[in-house]
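Q:
Protein chains: 2
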Amino acid sequence: MQKTDQILTELRKEGSRQSVARERILRLLESHLSPLSVPEIERRIAVDSRRFNKTTVYRELQFLSGKGYLKELRLRNDTALYEFSGPHHHHLVCIGCGAVKDIDGETESWHNEERRVEREENFRILEHSLEFFGLCATCR
Amino acid sequence: MQKTDQILTELRKEGSRQSVARERILRLLESHLSPLSVPEIERRIAVDSRRFNKTTVYRELQFLSGKGYLKELRLRNDTALYEFSGPHHHHLVCIGCGAVKDIDGETESWHNEERRVEREENFRILEHSLEFFGLCATCR
DNA sequence: TGACAAATGCAACTCGGTTGCATTACAATT
DNA sequence: AATTGTAATGCAACCGAGTTGCATTTGTCA
Numbered sequence: 001m002q003k004t005d006q007i008l009t010e011l012r013k014e015g016s017r018q019s020v021a022r023e024r025i026l027r028l029l030e031s032h033l034s035p036l037s038v039p040e041i042e043r044r045i046a047v048d049s050r051r052f053n054k055t056t057v058y059r060e061l062q063f064l065s066g067k068g069y070l071k072e073l074r075l076r077n078d079t080a081l082y083e084f085s086g087p088h089h090h091h092l093v094c095i096g097c098g099a100v101k102d103i104d105g106e107t108e109s110w111h112n113e114e115r116r117v118e119r120e121e122n123f124r125i126l127e128h129s130l131e132f133f134g135l136c137a138t139c140r
Numbered sequence: 001m002q003k004t005d006q007i008l009t010e011l012r013k014e015g016s017r018q019s020v021a022r023e024r025i026l027r028l029l030e031s032h033l034s035p036l037s038v039p040e041i042e043r044r045i046a047v048d049s050r051r052f053n054k055t056t057v058y059r060e061l062q063f064l065s066g067k068g069y070l071k072e073l074r075l076r077n078d079t080a081l082y083e084f085s086g087p088h089h090h091h092l093v094c095i096g097c098g099a100v101k102d103i104d105g106e107t108e109s110w111h112n113e114e115r116r117v118e119r120e121e122n123f124r125i126l127e128h129s130l131e132f133f134g135l136c137a138t139c140r
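Taken in sequence, the protein lines are chains A and B. The end of the first sequence is residue 140 by our numbering, with every number in the run present. The end of the second sequence is residue 140 by our numbering, with every number in the run present.
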């Protein structure tokens, strides 16, 4: 069973409906490996001659993020990107082609680094965001 | 000699002028320890009854960032912040009071982490951004 | 002091994102 | 299958950060 179906079932149980936009967005993001922008999502969930209003898309992305099923991402001054929720990770952003790749964010050395900062700065860390900008293998 | 004076001298040599807004912005950011937002800057560079147009402030911040004297910062979905350029560092952002604190970004362990990612992901890293979100000592 | 280019102000604009409100459609109930 | 309550949708208007074009002012240098 796909994660999307599981989510839709959960949502239905709590009174939310299985709307067309909702399902299309979930399936799109579940199958896509890298985060997508709102216009991109808007374009790709269009089915047959049906397009969805941008308000709908924004509201749905907000709704699903609020429920914890999606995660919103902001890279620099750029527009918002959305991806399926999963274990915490970091991002590689290619400044050549714009591709965004997820990388593991749960490494031991990383946790050490975080604990070090907490200790040295007397600061309780709740989350962090880390992005690398550079050139991927093909754009090198 | 203040850094601001030095920068103004450099700029004059290359044909840029020592305008009031420019000088006020540089002095403000040189003396301020944490990054400031554009409205904040706009407010604080006002001198006597003279206020500067937002276009002027935006253009000046852009100009000085382009020259490498200032650095633009983006934390999440928030508006742009500006700070005086200096050695690379990371940021602690308190979600209680909103304070932003610079922390050292040139540690050995951090460089190791970065090299590891380059190696494992076959990605040429040119820059990165790292922010920690949490609670400072007083907001704890 | 005059002249040229840089800096400034103003108004209008762009664009991502939001809000209020009327309309449509999903799904539970009869 | 028809009814009904509410969630989802569309539309238009709006918001706020940031930008642009153009006319005006001001700093610097000859």
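The C-beta atom is built at its ideal place from N, Cα and C for all residues, glycine as well.
Mind listing the chain A neighbours of Arg-124 (chain B)? Cutoff is C-beta to C-beta under 7 Å, in chain order.
A: Under the 7 Å cutoff, chain A gives Gly-134, Leu-135, Arg-140.
Q: Could you tell me whether the stretch 8-18 of chain B touches the stretch 105-122 of chain A, using the rule of 3 or more Cβ pairs below 8 Å?
A: No, they do not touch.
Q: Taking any Cβ of chain A, which residues in the stretch 10-35 of chain B have a Cβ under 7 Å from it, in chain order?
A: Those residues of the stretch 10-35 of chain B that come within reach of chain A (Cβ to Cβ, closer than 7 Å) do not exist; the list is empty.
Q: Which of the three DSSP states, helix, strand or coil, is assigned to Ala-80 (chain A)?
A: Correct three-state label for Ala-80 (chain A): strand.
Q: To which residues of the same chain is Phe-123 (chain B) closer than 8 Å at the C-beta, ignoring the five residues directly before and after it?
A: Same-chain partners within the cutoff: Val-117.
Q: Given a cut-off of 9 Å, decide if Leu-29 (chain A) and Phe-84 (chain A) are closer than it, judged by their beta-carbon atoms.
A: Yes, these two residues count as a Cβ contact at 9 Å.
Q: Thinking just about the alpha-carbon of each residue, which of B:Asp-48, B:Lys-54, B:Thr-4, B:Val-57 is nearest to the one in Ser-31 (chain B)?
A: Closest option to Ser-31 (chain B), Cα to Cα, is B:Thr-4.
Q: Whose C-alpha, out of A:Lys-101, A:Cys-139, A:Glu-127, A:Cys-94, is nearest the C-alpha of Glu-127 (chain B)?
A: Looking at the Cα atoms, A:Cys-94 is the closest of the given residues.
Q: On a Cα-Cα basis, can you pick out the residue from A:Glu-10, A:Ala-21, A:Gln-6, A:Leu-36 that is closest to Gly-98 (chain A)?
A: If we check each option's Cα against that of Gly-98 (chain A), A:Leu-36 comes out closest.
Q: Taking Cβ to Cβ, would you say Ile-41 (chain B) is nearer than 9 Å to Leu-64 (chain B)?
A: No; because the gap between Cβ atoms is not below 9 Å, this pair is not in contact.
Q: Who does Asp-102 (chain A) pair with in a DSSP beta bridge?
A: Answer is A:His-91.
Q: Cβ atoms of Glu-106 (chain B) and Lys-101 (chain A): under 9 Å apart, would you say?
A: No, they are not a contact pair.
Q: Any Cβ of chain A within less than 9 Å of the Cβ of Arg-119 (chain B)?
A: So, not an interface residue.
Q: Just to confirm, is the Cβ distance from Lys-71 (chain B) to Tyr-82 (chain B) under 9 Å?
A: Yes, these two residues count as a Cβ contact at 9 Å.
Q: Can you name the residues of chain B whose CB is closer than 8 Å to the CB of His-128 (chain A)?
A: Near His-128 (chain A) (Cβ distances below 8 Å), the residues of chain B are Leu-130, Glu-131, Phe-132, Phe-133.
Q: With a threshold of 9 Å between beta carbons, is Glu-60 (chain B) in contact with chain A?
A: So, not an interface residue.
Q: Using only CA atoms, which one of B:Thr-9, B:Tyr-69, B:Gly-96, B:Cys-139 lies nearest to Val-86 (chain B)?
A: Correcting the residue type first, residue 86 (chain B) is Gly in the shown sequence and not Val. Of B:Thr-9, B:Tyr-69, B:Gly-96, B:Cys-139, the residue nearest in Cα terms is B:Tyr-69.
Q: Ends of the alpha helix (DSSP H) at Gly-66 (chain B)?
A: Looking at the DSSP string, the run of the alpha helix (DSSP H) that includes Gly-66 (chain B) is 54-66.
Q: Taking its Cβ as the centre, do 16 or more other Cβ atoms sit within 10 Å of Gly-134 (chain B), making it buried, or is it exposed?
A: By the neighbour-count rule (16 or more Cβ atoms within 10 Å), Gly-134 (chain B) is buried.
Q: How many angstroms separate the CA atom of Ser-19 (chain A) from the CA atom of Arg-44 (chain A)?
A: C-alpha separation (whole angstroms): 16 Å.
Q: By Cβ distance below 8 Å, which residues in the same chain neighbour Cys-136 (chain B) in space, the five residues on each side in sequence not counted?
A: Counting only Cβ-Cβ distances below 8 Å, and skipping sequence neighbours, we find Leu-92, Cys-94, Gly-96, Cys-97, Ala-99, Lys-101.
Q: Measure the alpha-carbon distance for Ile-25 (chain B) versus Lys-67 (chain B) and round it to whole angstroms.
A: The alpha-carbon atoms of Ile-25 (chain B) and Lys-67 (chain B) are separated by roughly 14 Å.
Q: DSSP three-state label for Ser-85 (chain A), please.
A: Residue state, collapsed to three classes: coil.
Q: Applying the 10 Å Cβ sphere with the 16-neighbour rule, what's the burial state of Arg-22 (chain B)?
A: By the 10 Å Cβ count, Arg-22 (chain B) comes out buried.
Q: Is any beta-carbon of chain A found at less than 9 Å from that of Leu-70 (chain B)?
A: Not closer than 9 Å to any Cβ of chain A, the Cβ of Leu-70 (chain B) fails to qualify, so no.
Q: Under 7 Å Cβ-Cβ, which residues of chain A neighbour Leu-64 (chain B)?
A: Those within 7 Å of Leu-64 (chain B) in chain A number zero; the least Cβ separation is about 17 Å.
Q: Taking CB distances under 9 Å as the criterion, tell me whether Leu-8 (chain B) reaches chain A.
A: It does not; no Cβ of chain A falls within 9 Å.
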